[in-house]
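Each remark here refers to the structure printed beneath this line.
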Amino acid sequence: MFPFSDTTLAVFGPGLLGGSLLLEAKAHGVKEVRVWARSEKSLEKVRERRLADSASTDVRETAQGADLLILAVPVGAMAALAGEIVRAALPANAVVTDVGSVKAAVLAGAGEVCRRAGVAFVGSHPMAGAETPGLDAAKSGLFRNAACLLTPDASTDHAALEKVDAFWQALGCRTSRLGASHHDEVVARISHLPHLSAVAATLASFRPDASMAQFAAGGLRDTTRVASGLPSMWREILMENRTAILPALKDLHRVTGELLEILTEADDDHLLVYLEEARRLRATRYA
């Protein structure tokens, strides 16, 4: 039996992650599944696919009486949304969490709003995104075997933390706990820098003559895949986490500068050292 089958779940934002949560909740027989969206157009798709028991553009109506409330909207919109949620009639054991990819900003915004209202908040970040956004890209199993980073702080309620941890594990995630600042430093290196690298590779490869891509094999496609992500979403993510991204980007700049010098000097021995180190480091994660 699914451990959260008796839960009233409210998902705010039926995009890729929010929509995938709705699919999982319905598949696992969660007692009541609700969804909020800003537009009726988004909710029409939810209703057509029968992904929720109720769908509304009213925040308080969606939140009222819910046990677990998940913010699946852009990070910049979370604080205002939380401000509406905490005005609803919530049960004493209600917990608010999120799926945002930047955590310091979320804790300072939505987390602080909830704390002041006496509502439990636990930051979480399932590493399960894709370059294709929106409800149409939502799918069952998106969270299976994905890492989910929880970011409790000194004010986090222990029972709420355990509840959110258990929820993500029930969906198949591998959960870990770390501080918000550390989280932001980690994702700057493993998610945000790779995205910028893909953007840079795309621009450097396509700008001179985009027609050359017709001769490419899989390497160009694989290297540049994530550059297909929604620009407006990535603009917000990169700007929100720019403090943590800048040192990582400077390291990339330094390494590419070293490679430029190696090739300029035709230093094949040094080049082999770089290539072997990169191959070895990647093998520690991807066999």
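Sequential numbering of the sequence shown, starting at 1, is according to the numbering used here.
Just so you know, even glycine gets a beta-carbon here, dropped at the ideal spot from N, CA and C.
Worksheet item: Hey, out of 67, 105, 60 and 93, whose CA is closest to residue 83's CA?
Response: Mapped onto the sequence shown, residue 83 falls at position 83. Comparing Cα-Cα distances from residue 83 to each of 67, 105, 60 and 93, the minimum goes to 60.
Item to complete: Following the continuous alpha helix (DSSP H) through residue 205, name the residue where it begins and the one where it ends.
Response: For the purposes of this step, residue 205 is taken as residue 205 along the sequence shown, with counting starting at 1. Element bounds for residue 205: 193 to 206.
Worksheet item: Helix or strand or just coil, what does DSSP make of residue 183?
Response: For this step, residue 183 is matched to residue 183 along the sequence shown. In the three-state reduction of the DSSP assignment, residue 183 falls in the helix class, which pools H, G and I.
Worksheet item: Beta-carbon separation of residue 43 and residue 57 under 8 Å?
Response: What you label residue 43 is simply residue 43 of the sequence shown in a count that begins at 1. What you label residue 57 is simply residue 57 of the sequence shown in a count that begins at 1. Going by C-beta atoms, residue 43 is nearer than 8 Å to residue 57.
Discussion item. Using a Cβ-Cβ cutoff of less than 8 Å, which residues in the same chain neighbour residue 39 once the five nearest sequence positions on both sides are dropped?
Written reply: What you label residue 39 is simply residue 39 of the sequence shown in a count that begins at 1. Same-chain partners within the cutoff: 57.
Discussion item. If contacts are defined as beta-carbon pairs under 8 Å, then residue 103 and residue 156 qualify, I think. What distance do you get, rounded to the angstrom?
Written reply: The residue given as residue 103 occupies position 103 in the sequence shown. The residue given as residue 156 occupies position 156 in the sequence shown. In this structure, residue 103 and residue 156 do not form a Cβ contact; the two beta carbons are roughly 12 Å apart against a cut-off of 8 Å.
Worksheet entry | Exposed unless 16 or more other CB atoms sit within 10 angstroms - verdict on residue 222 | Walking along the sequence shown from the start, residue 222 turns up at place 222. Within 10 angstroms of the beta-carbon of residue 222 lie fewer than 16 other beta-carbons, which makes it exposed.
Fill in: residue 95 beta carbon less than 8 Å from that of residue 72
Position 72 of the sequence shown, counting from 1, holds the residue named residue 72. Position 95 of the sequence shown, counting from 1, holds the residue named residue 95. Residue 72 places its beta carbon 8 Å or farther from that of residue 95.
Item to complete: Return the CA-CA distance between residue 137 and residue 242, expressed in angstroms with no decimal places.
Response: Residue numbering aside, residue 137 sits at position 137 when the sequence shown is read from its first letter. Residue numbering aside, residue 242 sits at position 242 when the sequence shown is read from its first letter. C-alpha separation (whole angstroms): 27 Å.
Worksheet entry | beta strand (DSSP E) segment containing residue 126, residue limits | For this step, residue 126 is matched to residue 126 along the sequence shown. Per DSSP, the unbroken beta strand (DSSP E) holding residue 126 starts and ends at 124 to 126.
Worksheet item: So, do the region 227 to 241 and the region 174 to 181 have three or more beta carbon pairs nearer to each other than 8 Å?
Response: At 8 Å Cβ cutoff, the stretches do not touch.
Discussion item. Please report the straight-line C-alpha distance between residue 18 and residue 12, rounded to a whole angstrom.
Written reply: Walking along the sequence shown from the start, residue 18 turns up at place 18. Walking along the sequence shown from the start, residue 12 turns up at place 12. Rounded to the nearest angstrom, the two C-alpha atoms are 7 Å apart.
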